[in-house]
Amino acid sequence: METFLFFENHWLEEHHLVIVSYTWFIMVFLAVLSFLATRRLSIVPGRLQNFLEAILEAIDNFLIDTMGPEGRKFFPLVATLGIYILFSNLIGLVPGFESPTSNVNTNASMALTVFAMTHIVGVKIHGVKYIKQFMGPVWWLTPLMMPIEIISHLARPLSLSIRLFGNIKGEDIVLAVVLMLVPFLVPLPVFVLMIFTSFIQTMVFMILTMMYIAGAMEEAH
20 METFLFFENH
30 WLEEHHLVIV
40 SYTWFIMVFL
50 AVLSFLATRR
60 LSIVPGRLQN
70 FLEAILEAID
80 NFLIDTMGPE
90 GRKFFPLVAT
100 LGIYILFSNL
110 IGLVPGFESP
120 TSNVNTNASM
130 ALTVFAMTHI
140 VGVKIHGVKY
150 IKQFMGPVWW
160 LTPLMMPIEI
170 ISHLARPLSL
180 SIRLFGNIKG
190 EDIVLAVVLM
200 LVPFLVPLPV
210 FVLMIFTSFI
220 QTMVFMILTM
230 MYIAGAMEEA
240 H
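Numbering (my numbering), first residue to last: 20 to 240.
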């Protein structure tokens, strides 16, 4: 797979540096795309403005359906993660590119952001009472429940990272094999399946992010 990398050269031999290059490429691409779409906003939107508005509106509706109106304050976080993950997933389908989300470090950084936000929201809303959820329904169960709750919460960023990494890395490997065997013709069903998986994994990450934050917003028991 390394031989197909568009950014690979004599000074970018380390894999993590290659991934960082693709990450910055996507960030710059999205920034330029946003600038072009918003520099001349119009009541009657053009194609690019209409396209981005449709995406943002879909994410907004998805957020409200999952978290309710109170969840709208987290729209910047959820939308940023969703759009970035989707483009990161899809760019790996272009020959010569590799998905940043096929690297566990990229996913871990996003998962840890969600993890931190979840508990910051919980403490901000409930204060010290937020700790009660780690202690169980009755005090004498605390020695048993606290380790279980702590482990389950620590497993969340691990689960978010590994799930996305495994699926997208698998896509990249399959695409690399297909390109080596049939370099000028990628079977359409495989390509469609990869696009579908990219969208599904984006939605899964967004849904879990919203569920974790919504759970922290609920009254601690």
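We put the beta carbon where it would ideally sit given N, CA and C, even for glycine.
Nearest by alpha-carbon distance to Leu105: which of Ile78, Gly90, Val142 and Lys92 is it? Here residue 105 refers to the residue found at position 86 when the sequence shown is read from its first residue. Ranked by how close their Cα comes to the Cα of Leu105, the residues Ile78, Gly90, Val142 and Lys92 have Ile78 in first place.
Among Leu177, Met46, Pro176 and Arg66, which has the Cα closest to the Cα of Pro119? Looking up residue 119 in the sequence shown gives position 100. Considering only Leu177, Met46, Pro176 and Arg66, the residue with the shortest C-alpha distance to Pro119 is Met46.
Where Val113 falls: helix, strand or coil (DSSP): Here the question's residue 113 lines up with position 94 in the sequence shown. Three-state result, Val113: coil.
Find the nearest neighbour of Ala127 within the set Arg182, Leu71, Ile167 and Lys143, judged by alpha-carbon distance. Translated into the one-based positions of the sequence shown, residue 127 becomes position 108. Considering only Arg182, Leu71, Ile167 and Lys143, the residue with the shortest C-alpha distance to Ala127 is Arg182.
Leaving out five residues on either side along the sequence, give the residues of the same chain with a beta carbon under 6 Å from the beta carbon of Val123. Walking along the sequence shown from the start, residue 123 turns up at place 104. Result list for Val123: Ser180 and Phe184, in chain order.
Segment contact flag, the stretch 162-180 with the stretch 86-95, C-beta cutoff 8 Å, min 3 pairs: In short, these stretches do not touch, since the Cβ pair count stays below three.
On a CA-only basis, which of Thr216, Leu36 and Pro208 is nearest Ile187? Give me that one, please. In the sequence shown, counting from the first residue as 1, residue 187 sits at position 168. Minimum Cα distance to Ile187 is reached at Thr216.
What separation, rounded to the nearest whole angstrom, lies between the Cα atoms of Glu190 and Met213? The sequence position of residue 190 within the sequence shown is 171, counting from 1. The sequence position of residue 213 within the sequence shown is 194, counting from 1. So the two alpha carbons sit approximately 6 Å from each other.
Just verifying my parser: in three-state terms, what is the DSSP assignment at Ala107? Taking the first residue of the sequence shown as 1, we reach residue 107 at position 88. Reading the sequence as shown, one finds Ser at residue 107 and not Ala. Taken through DSSP and simplified to helix, strand or coil, Ser107 comes out as helix.
Only counting the same chain, and skipping five residues up and downstream in sequence, which positions put a Cβ closer than 7 Å to that of Gly101? Here residue 101 refers to the residue found at position 82 when the sequence shown is read from its first residue. Result list for Gly101: Ile78, Thr221 and Met225, in chain order.
Does the distance from the C-beta atom of Val211 to that of Val197 stay below 8 Å? Within the sequence shown, residue 211 is the residue found at index 192, counting from 1. Within the sequence shown, residue 197 is the residue found at index 178, counting from 1. No. Outside cutoff.
Please classify Gly115: is it buried, with 16 or more other beta-carbons within 10 angstroms of its beta-carbon, or exposed? For the purposes of this step, residue 115 is taken as the residue at position 96 of the sequence shown. Counting Cβ neighbours within 10 Å, Gly115 comes out exposed, since fewer than 16 surround it.
Can you give me the C-alpha to C-alpha distance between Phe218 and Leu67, rounded to a whole angstrom? As a position in the sequence shown, residue 218 is number 199, starting the count at 1. As a position in the sequence shown, residue 67 is number 48, starting the count at 1. When rounded, the distance between both Cα atoms is 20 Å.
Skipping 5 residues on each side, what residues in its chain have a beta carbon closer than 7 Å to that of Ala98? Indexing the sequence shown from 1 puts residue 98 at position 79. If the five residues before and after Ala98 are omitted, its C-beta is found closer than 7 Å to the C-beta atoms of Leu75 and Ile78, all from its own chain and listed in chain order.
State the start and end residues of the unbroken alpha helix (DSSP H) segment that holds Ser217. By one-based count along the sequence shown, residue 217 stands at place 198. From DSSP, the alpha helix (DSSP H) with Ser217 extends over Leu207 to Met236.
Considering only the beta carbon of each residue, do Gly141 and Ala235 sit closer than 8 Å? Residue numbering aside, residue 141 sits at position 122 when the sequence shown is read from its first letter. Residue numbering aside, residue 235 sits at position 216 when the sequence shown is read from its first letter. In this structure, the beta-carbon distance from Gly141 to Ala235 falls below 8 Å.
Element boundaries [alpha helix (DSSP H), containing Leu128]: Along the sequence shown, read from residue 1 onward, the residue named residue 128 stands at position 109. The sequence given here places Ser at residue 128; Leu does not occur at that position. Its alpha helix (DSSP H) spans residues Val123 to His145.
Can Leu82 and Met229 be called in contact, C-beta distance under 8 Å? By 1-based counting over the sequence shown, the position of residue 82 is 63. By 1-based counting over the sequence shown, the position of residue 229 is 210. Their beta carbons are under 8 Å apart, which means Leu82 touches Met229 by this criterion.
Among Leu207, Leu194, Glu237 and Leu227, which has the Cα closest to the Cα of Leu112? Along the sequence shown, read from residue 1 onward, the residue named residue 112 stands at position 93. A check of alpha carbon separations from Leu112 across Leu207, Leu194, Glu237 and Leu227 identifies Leu194 as the nearest.
Minimum length 3: unbroken beta strand (DSSP E) runs contained in the stretch 38-64: Whole beta strand (DSSP E) segments, 3+ residues: zero.
Assuming Thr125 and Thr42 make a contact with CB atoms under 8 Å, what is their CB distance in whole Å? Here the question's residue 125 lines up with position 106 in the sequence shown. Here the question's residue 42 lines up with position 23 in the sequence shown. Between Thr42 and Thr125 the Cβ distance is about 6 Å, and since that is below 8 Å, they are a contact.
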